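So the structure is just underneath, and the comments pick up after that.
In the UniProt record's numbering, the protein residues as written are 1 to 402.
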């Protein structure tokens, strides 16, 4: 039996595809069209981005050229000398302040070291030496003292012309602060350099009406004549306000009291009312306001009057029971309250125990002792510049105070 054979002729038969194959072909065509469209969009976006970047670069270049033209115009115009001088001056000013700041920091280091050295005599345990140092400090404004400058200056300005202040000190009463009342213009701060920007402290002026006020220390207030002295203050016919703070710093024991005269101690009435400014000619047109508001209605403790609030700067006062007394007038007129206080002390028969000439000699002997040694250098770790400055302390001729 012969197997059948498939005979293929030369006739072209039509191609037939299935439904699945047809669908795949259509999807391929659509995908190709989408890809072509996406490529066209990407190319168009790239062209637009390139065009934008080119325009931005051109604008920036034009602006830079314009700025350069402006800068060049400044240095080539009619004011070219001014602008060149301005830039040179600004540069030199910046360099100067940088150098000056370094010098000020070194100067502060010297000052702190000097304070440590010269504060040693004030740590004395002898009352004669302490009263001698106080008398010398009241007479010489350049002498170091642990008392804050704004307070001791008020005593120093009057000490040589007002013998009653010296007499009070000889009786053991230590003046802290005084103002005489009335209307006046004073300079409360002087021009100086500073270590912080803007590196300069301007002078400051104050024009005000003031009530007379006198603050002082009375050591050992329980003594018989000290008790009588305080009684005389409060029972005066002048009706001055009297306020006292009894202090024993090392035990943190304070008690505050005030004598209730007819108008004392004048609560709510400031000690000074006026204007303050860095420019003295502007004072008459400045508005008035209460001044020295930090001086509260309650008399302050000892630390208030000491530099950096260090009550232990004068150990004899720190470890001694004492009173800080404020006497104030109720009017704006002038008054010398130190004369009034001296009169009350005389009536209480307080003696002149610390004569100025005798205690001064004791203080000079204390000041003449060498303070600066190699041990101090090693302990403090001082720089060579500070060492050279402090070595001069041992060469001071203290006999000039005699």
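Note that CB positions come from ideal geometry on N, CA and C, so glycine has one too.
Source: prediction; values computed, not measured.
Here's a check: name, in chain order, each residue in its chain whose Cβ is nearer than 7 Å to the Cβ of residue i, leaving out the five neighbours to either side.
| i | result |
| --- | --- |
| residue 226 | 218 and 220 |
| residue 355 | 170 |
| residue 248 | 321 |
| residue 164 | 338, 339 and 342 |
| residue 203 | 187, 189, 190, 191 and 278 |
| residue 162 | 338 |
Less than 6 Å between C-beta atoms, sequence neighbours within five positions excluded: which residues of the same chain meet that for residue i?
| i | result |
| --- | --- |
| residue 487 | Because residue 487 is not part of the residues shown, which for the chain are 1 to 402, the question remains open. |
| residue 87 | none |
| residue 92 | none |
Pull up the distance between the alpha-carbon of residue i and that of residue j, whole angstroms please.
| i | j | result |
| --- | --- | --- |
| residue 353 | residue 151 | 25 Å |
| residue 300 | residue 85 | 54 Å |
| residue 184 | residue 207 | 6 Å |
| residue 324 | residue 283 | 34 Å |
| residue 98 | residue 200 | 13 Å |
| residue 364 | residue 153 | 22 Å |
| residue 174 | residue 286 | 36 Å |
| residue 155 | residue 278 | 24 Å |
| residue 308 | residue 241 | 29 Å |
| residue 235 | residue 243 | 13 Å |
| residue 176 | residue 159 | 12 Å |
| residue 237 | residue 194 | 49 Å |
| residue 129 | residue 276 | 39 Å |
| residue 292 | residue 137 | 24 Å |
| residue 224 | residue 127 | 20 Å |
| residue 233 | residue 96 | 56 Å |
| residue 82 | residue 89 | 10 Å |
| residue 313 | residue 139 | 20 Å |
| residue 157 | residue 328 | 19 Å |
Can you check which of these residues, the options, is closest to residue i by C-alpha distance?
| i | options | result |
| --- | --- | --- |
| residue 333 | 213, 142 and 189 | 213 |
| residue 209 | 327, 269 and 316 | 269 |
| residue 274 | 211, 147, 123 and 362 | 211 |
| residue 245 | 357, 215 and 272 | 215 |
| residue 315 | 359, 124 and 237 | 124 |
| residue 298 | 277, 311, 308 and 271 | 271 |
| residue 357 | 232, 87, 90 and 167 | 167 |
| residue 362 | 122, 91, 87 and 96 | 122 |
| residue 172 | 241, 203, 349 and 160 | 349 |
| residue 326 | 312, 313 and 302 | 302 |
| residue 368 | 81, 91, 120 and 346 | 120 |
| residue 230 | 87, 83, 202 and 346 | 346 |
| residue 306 | 328, 81, 224 and 149 | 149 |
| residue 310 | 147, 137 and 130 | 147 |
| residue 330 | 96, 239 and 130 | 239 |
For the ligand NAP, is there a heavy atom less than 7 Å away from the beta-carbon of residue i?
| i | result |
| --- | --- |
| residue 188 | The model depicted lacks the ligand NAP and carries no ligand whatsoever. |
Under the three-state reduction of DSSP, which class applies to residue i: helix, strand or coil?
| i | result |
| --- | --- |
| residue 321 | coil |
| residue 192 | strand |
| residue 144 | coil |
| residue 167 | helix |
| residue 315 | helix |
| residue 221 | coil |
| residue 268 | coil |
| residue 231 | helix |
| residue 241 | strand |
| residue 152 | helix |
| residue 132 | helix |
| residue 368 | coil |
| residue 259 | Its pLDDT being 46, under 50, residue 259 is placed unreliably by the model, and the measurement read from it follows with that caveat. Strand, per DSSP. |
| residue 362 | helix |
| residue 124 | coil |
| residue 94 | helix |
| residue 200 | strand |
| residue 273 | strand |
| residue 236 | coil |
| residue 356 | helix |
| residue 341 | helix |
| residue 336 | coil |
| residue 157 | helix |
Excluding the 5 residues preceding and the 5 following residue i in the sequence, name in chain order all residues of the same chain whose CB lies nearer than 8 Å to its CB.
| i | result |
| --- | --- |
| residue 94 | none |
| residue 222 | 321 |
| residue 290 | 270, 272 and 273 |
| residue 381 | With a pLDDT of 47 at residue 381, under the threshold of 50, the modelled position of this residue cannot be trusted; read the value that follows with caution. Cβ neighbours of residue 381 beyond the five flanking positions: none. |
Practice item. Would you check if the segment 324–338 and the segment 167–185 touch, i.e. whether three or more CB-CB distances between them fall below 8 Å? Key: Flag = yes, the segment 167–185 and the segment 324–338 touch.
Review point. Counting Cβ pairs, one atom from each stretch, are 3 or more of them under 8 Å apart for the segment 136–148 and the segment 185–195?
Key: With the cut-off at 8 Å, the segment 136–148 and the segment 185–195 do not touch.
Practice item. Evaluate the contact criterion for the segment 340–352 versus the segment 311–320: three or more CB pairs, one atom per stretch, below 8 Å. Key: The segment 340–352 and the segment 311–320 do not touch, with fewer than 3 CB-CB distances between them shorter than 8 Å.
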